[in-house]
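Heads up, the thing below is written out as structure tokens.
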DNA sequence: GTCTATAGCGCGATAGAC
DNA sequence: GTCTATCGCGCTATAGAC
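Chains as they are written, first to last, in the numbering used here: chain W, 2 to 193; chain Y, 2 to 193.
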């Protein structure tokens, strides 16, 4: 499990490239151009491209959900949690050089070309995020700080998929400015 | 502008493939497998892959916006228009064999790998859809049938990007069933 | 663990017969 | 308009030296 600096650097480059161009839009050469390593040497750390994508996915999911869980466990109000959660997406979008979408938003689009393990990782990311959001929404409604109708689980999926869609659309057109507008308006719909 | 049967068949196959696998996940061979034509012959109708993607995009945008404009111009209430609009996305998702996402949702993800003309087409699709939605929302608020706070233009973008995100996420996990739940809950947020 | 070299394949695109 | 044949390239992946 202990990861070397080289492995981390490869994962960093691969993740950034996938979030920008998609898994089908990159090659080992692209990674080699970013990391000080020859493309053949990448296979020593990650034998196939499929394994590399899986490794990127696993790290991303664990890291992202860790931050989400910290937000859920924090003592702030439900609207504040919702706001912090949405800011994770804003931070992702601005991260690095160009605009990046969520790794799992990108791989969700490319789902039909991924292997079974990668597909399972993407599905798990979606479910776990929606579940955390459902908890926040349930808490907010119980304490009277959030207002919405219907099942909190569905509402959690709505918030999650709306943010994924907002990243995708705002990257193409208005960038982070538009994303913030979409985020604010979306949160308002839940009374936050 | 008159299109032959062969050109239409190629565009149909290319569109279906792109909506499922993405532009970077398909090849002329994939199209050749679906249409009764050799892969080299496709170049006669669409000289490069980039031109083919552009042609698919243009046809999709014109066709989709045509239906949207018919909904906008129809005499039904704003909530009914919103509902019919959302049903276009549900229909797209179920269309054909496997689950398909919106062509421009898919190409939005792959935006960084597309040529300038294709990028412009995707942006235009986003803008035009958000603009039509803004009109519906404005009408609904004025007539007291829809309820939301803030700028109708931003709200239009919210509805559009939420539906794009809902397609993406529900394709990965619960399919059309989940999409309908997301659609219903989203419309409720606007009082529809 | 990283390198050079290369196998082996699929890709987009072109040439030229029909 | 469609075909066969092929070019040239980039891709993932492997072999073997260091």
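The beta-carbon is built from N, C-alpha and C at its ideal position, and this holds for glycine as well.
Between the alpha carbons of residue 59 of chain Y and residue 39 of chain Y lies a gap of roughly 24 Å. Taken atom to atom, the span from the alpha-carbon of residue 47 of chain W to that of residue 22 of chain Y is near 24 Å. Among the CB atoms of chain Y, one or more fall inside 7 Å of the CB of residue 187 of chain W. Residue 56 of chain W has its alpha-carbon roughly 18 Å from the corresponding atom of residue 102 of chain W. Put simply, the backbone Cα of residue 36 of chain Y is about 25 Å away from that of residue 26 of chain W. Its chain contains 78, 79 and 80 as the residues whose beta carbon lies nearer than 7 Å to that of residue 146 of chain W, once the 5 sequence neighbours on both sides are disregarded; these appear in chain order.
DSSP places residue 40 of chain Y in the helix class (H, G or I) of the three-state scheme. At least 7 Å separates the CB of residue 17 of chain W from every CB of chain Y.
Taking a cut-off of 8 Å on C-beta distances, the stretch 114 to 126 of chain W does not touch the stretch 156 to 167 of chain W, as fewer than three cross pairs fall below it.
Rounded to whole angstroms, residue 12 of chain Y and residue 108 of chain Y show a C-alpha spacing of 15 Å.
Counting other Cβ atoms within 10 Å of its Cβ, residue 171 of chain Y reaches 16 or more and is therefore classed as buried. Residue 139 of chain W and residue 73 of chain W have their C-alpha atoms roughly 12 Å apart. Within the stretch 123 to 177 of chain W, complete beta strand (DSSP E) segments of at least 3 residues are not found at all.
Taken through DSSP and simplified to helix, strand or coil, residue 54 of chain W comes out as helix. The C-beta of residue 93 of chain W has 16 or more other C-beta atoms within 10 Å across all chains shown, which makes the residue buried. Any Cβ of chain W closer than 7 Å to the Cβ of residue 127 of chain Y would place that residue at the interface, and such an atom is present. Within chain W, the C-beta atoms nearer than 7 Å to that of residue 156 of chain Y come from 186, in chain order. Residue 59 of chain W has a beta carbon lying at 7 Å or more from every beta carbon in chain Y. Residue 98 of chain W sits exposed, since fewer than 16 C-beta atoms from the chains shown fall within 10 Å of its C-beta. For residue 90 of chain Y, the enclosing alpha helix (DSSP H) begins and ends at 79 to 95.
With a beta-carbon spacing of about 15 Å, residue 169 of chain Y and residue 87 of chain Y fall beyond the 8 Å limit used to define contacts.
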